[in-house]
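Asks:
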Amino acid sequence: MSSDKTQNADTRKNTHDAGDLGVNSQIGRKLKQYYDDLVSDDVPDRFTELLARLDKGVAKPAEPKD
Amino acid sequence: MSPDFRKDLIGTIPSLRAFAISLSQNTDKADDLVQETLVKAWDKQSSFQLGTNLKAWLFTILRNEFYSQMRKRGREVQDSDGTITAGVATQPQQHGALDLKDFRAALERLPEDQREAIILIGASGFSYEEAAEICGCAVGTIKSRVSRARSRLQEILHIEDEGDFGPDSITAQVLGTTSV
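Keeping their order, the protein sequence lines are chains A and B.
Basically the working numbering = 1-based index in the first sequence + 376.
Basically the working numbering = 1-based index in the second sequence + 725.
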């Protein structure tokens, strides 16, 4: 199947993969915006503290209990 | 005792966390995931090969952790207190004015495998090969997941295809539902 595309002209653009997620696509742009938003969140202190503890060889904090 | 390793770990936390939130759609769970990942990474640091991609390595650990927790919890539905769920507006605005909130809600409706694929490729900056490695699957699988994710998002958000498929979204929906 997948011949749902009309064989006229316009399909020749070979979307070699998943299609374009670049800045020219609305989805691509939103995806970036969504993600960059998350990335720029402040990192909770617990993580740097955790690493400091691990670094000192202090026992890790109790496993999240559930 | 490796200050560099620690520093590098710290450097990746923001993107690890972004990935965790994208996967779990819940900040608390995401933070637990990140914590687990850091502890595991610390324990396994000797197995990390210097010079290889630390970020990919960490993403792999986090992803495994996510799926194993999900299995443990018996696949409880991950509706995050309804906070982000809100619901997709039925009539998104015209081109270019897509609201981030709607986008987030749409993203949340994707199956995990598609969501993670489109995030890894479209946002985290991994190559298809790296994403395939992180997810433990074939490159082709990643490609098709991304592609399905993309069409699904367009469908949910009523975005007309921006040129590479041709048929309008209605056609795409019809094709999508009848052929799968």
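Every residue gets a Cβ at the ideal spot worked out from N, C-alpha and C, and that includes glycine.
1. Closest to B/LYS826 by C-alpha separation, out of A/LEU397, A/GLN402, A/SER401, A/LYS406, would be which residue?
2. Pull up the distance between the alpha-carbon of B/GLY850 and that of A/VAL434, whole angstroms please.
3. Does the beta carbon of B/PRO817 sit closer than 8 angstroms to a beta carbon anywhere in chain A?
4. With a 10 Å radius around its C-beta and 16 neighbouring C-beta atoms as the bar for buried, classify A/SER379 as buried or exposed.
5. Would a check of beta-carbon distances place A/ASP421 closer than 8 angstroms to chain B?
6. Would A/VAL434 count as contacting chain B if we go by Cβ distances under 8 angstroms?
7. What's the call for B/ASP756, buried or exposed, on a 16-neighbour Cβ count within 10 Å?
8. Buried or exposed: B/GLU854, going by 16 or more other Cβ atoms within 10 Å of its Cβ?
9. With a CB to CB cut of under 7 angstroms and the five nearest residues on each side skipped, what residues in its chain are close to B/ILE746?
10. Spatial neighbours of B/ASP838 within its chain, please: C-beta separation below 8 angstroms, excluding the five flanking residues on both sides.
11. Using only the alpha-carbon positions, how far apart do B/VAL764 and B/PHE730 sit?
12. Exposed or buried, what is B/LYS780 when buried is set at 16 or more other beta-carbons lying within 10 Å of its beta-carbon?
13. So B/THR752 is in the alpha helix (DSSP H); what residue range does that whole segment cover?
14. Under the three-state reduction of DSSP, which class applies to B/GLN791: helix, strand or coil?
15. Compare the C-beta of B/THR737 with all C-beta atoms of chain A and state if any pair is closer than 8 angstroms.
16. Given a cut-off of 8 angstroms on the beta-carbon distance, is the pair A/VAL419 and B/ALA743 in contact?
Replies: The structure says:
1. Taking the second sequence and counting its residues from 1, the one referred to as residue 826 of chain B is at position 101. Minimum Cα distance to B/LYS826 is reached at A/LYS406.
2. Residue mapping note: residue 850 of chain B aligns to position 125 of the second sequence, counting from 1. Residue mapping note: residue 434 of chain A aligns to position 58 of the first sequence, counting from 1. So the two alpha carbons sit approximately 35 angstroms from each other.
3. For this step, residue 817 of chain B is matched to residue 92 along the second sequence. Model confidence at B/PRO817 stands at a pLDDT of 45, short of 50, so the residue's coordinates are unreliable; what they give is reported in the following sentence. No, because no Cβ of chain A sits closer than 8 angstroms to the Cβ of B/PRO817.
4. As a working mapping, residue 379 of chain A is identified with position 3 in the first sequence. Its pLDDT being 43, under 50, A/SER379 is placed unreliably in this model, and the value from its coordinates should be taken loosely. Exposed is the call here.
5. Taking the first residue of the first sequence as position 1, residue 421 of chain A is located at position 45. No, A/ASP421 lies away from the interface with chain B (no Cβ there is under 8 angstroms from its Cβ).
6. Within the first sequence, residue 434 of chain A is the residue found at index 58, counting from 1. So, not an interface residue.
7. Counting from one through the second sequence, the residue named residue 756 of chain B turns up at place 31. Flag for B/ASP756 reads buried.
8. Here residue 854 of chain B corresponds to residue number 129 of the second sequence, with the count starting at 1. Exposed, by the Cβ-count rule.
9. Within the second sequence, the letter at position 21 stands for residue 746 of chain B. So the list reads THR752, ALA755, once near-sequence residues are dropped.
10. By one-based count along the second sequence, residue 838 of chain B stands at place 113. So the list reads CYS860, ARG870, once near-sequence residues are dropped.
11. Residue numbering aside, residue 764 of chain B sits at position 39 when the second sequence is read from its first letter. Residue numbering aside, residue 730 of chain B sits at position 5 when the second sequence is read from its first letter. Our two residues, B/VAL764 and B/PHE730, have alpha carbons roughly 13 angstroms apart in a direct line.
12. For this step, residue 780 of chain B is matched to residue 55 along the second sequence. Flag for B/LYS780 reads buried.
13. Counting from one through the second sequence, the residue named residue 752 of chain B turns up at place 27. That run of the alpha helix (DSSP H) goes 752-768.
14. For the purposes of this step, residue 791 of chain B is identified with residue 66 of the second sequence, where counting begins at 1. Rather than Gln, the amino acid found at residue 791 of chain B in this sequence is Phe. The answer is helix: DSSP assigns B/PHE791 an H, G or I state.
15. Taking the first residue of the second sequence as 1, we reach residue 737 of chain B at position 12. Not an interface residue.
16. The residue labelled residue 419 of chain A in the question sits at position 43 within the first sequence. The residue labelled residue 743 of chain B in the question sits at position 18 within the second sequence. No, the Cβ-Cβ distance between A/VAL419 and B/ALA743 is not below 8 angstroms.
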